[in-house]
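Going by my numbering, the first residue of the sequence shown is number 97, and it counts up by one from there.
Every residue gets a Cβ at the ideal spot worked out from N, C-alpha and C, and that includes glycine.
The model shown is predicted, which means the values in this text are computed figures rather than measured ones.
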Amino acid sequence: MKLRAGFTLIEMIIVISIITILIGSSALGYSRYQQNARDTRRRSDLEQIRAALELFRSNDVNSSYPPSVFNMYLTSIDDYFGGSVDNIPKDPVTNNDYPYEALPQGCIGTAVCNTYTLTADLELNPATDDCVVNPNRGASECQN
């Protein structure tokens, strides 16, 4: 009887299947890790913007937050991010500004914007999907 050197086809298929399963499961874990990192960055970004908005309010004559007109918002808190609109944090995936709304609605000119909401869409839990900063509720409400 001759001794065979090497592996049978069945043995090769089993090994390749096991390797494929291991690679697939580690890729899914890595993707979740990246999503968690981006959500953490979103929370940090909102905190930075919140701090800049509070500085803006403390320096404003009427103790008002900036109105939610897009360009005014960016240029109003520009100085608190190193003088460059490019330094204002943006969403890490879309590179868009975080949605900001000064309240009450229409507070511009002589009307005082006495509160606001600032939100971010989180990736890991689409059911709750929001990280909201509202100064009247204290700290940010980030669910995940």
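request  = Find out if the Cβ-Cβ distance for the pair residue 131, residue 185 is shorter than 9 Å.
outcome  = no
query = residue 210 and residue 160 look like a contact to me (Cβ under 8 Å); what is the Cβ gap, rounded to whole Å?
reply = 7 Å
query = Taking the C-alpha atoms as reference points, what is the distance between residue 112 and residue 216?
reply = Those two C-alpha atoms are separated by around 42 Å.
request  = Grab the span of the alpha helix (DSSP H) containing residue 136 for me, first residue to last.
outcome  = 105-155
query = For residue 219, which residues of its own chain have a beta-carbon under 7 Å away from its beta-carbon, when the five flanking residues on both sides are left out?
reply = 131, 134 and 135
request  = May I have the straight-line CA-CA distance separating residue 120 from residue 140, to the nearest angstrom?
outcome  = 31 Å
ask   = What do you get for residue 138, buried or exposed, if any count of 16 or more other CB atoms within 10 angstroms of its CB means buried?
value = buried
query = Does the separation of the CB atoms of residue 199 and residue 142 fall below 9 Å?
reply = no
task = For residue 199, write down the residues that DSSP places opposite it in a beta bridge.
result = 211
request  = Under 8 Å by Cβ, that's how I've got residue 194 and residue 187 pegged, so tell me the actual separation to the nearest angstrom.
outcome  = That belief holds up - the Cβ atoms of residue 194 and residue 187 are roughly 6 Å apart, short of 8 Å.
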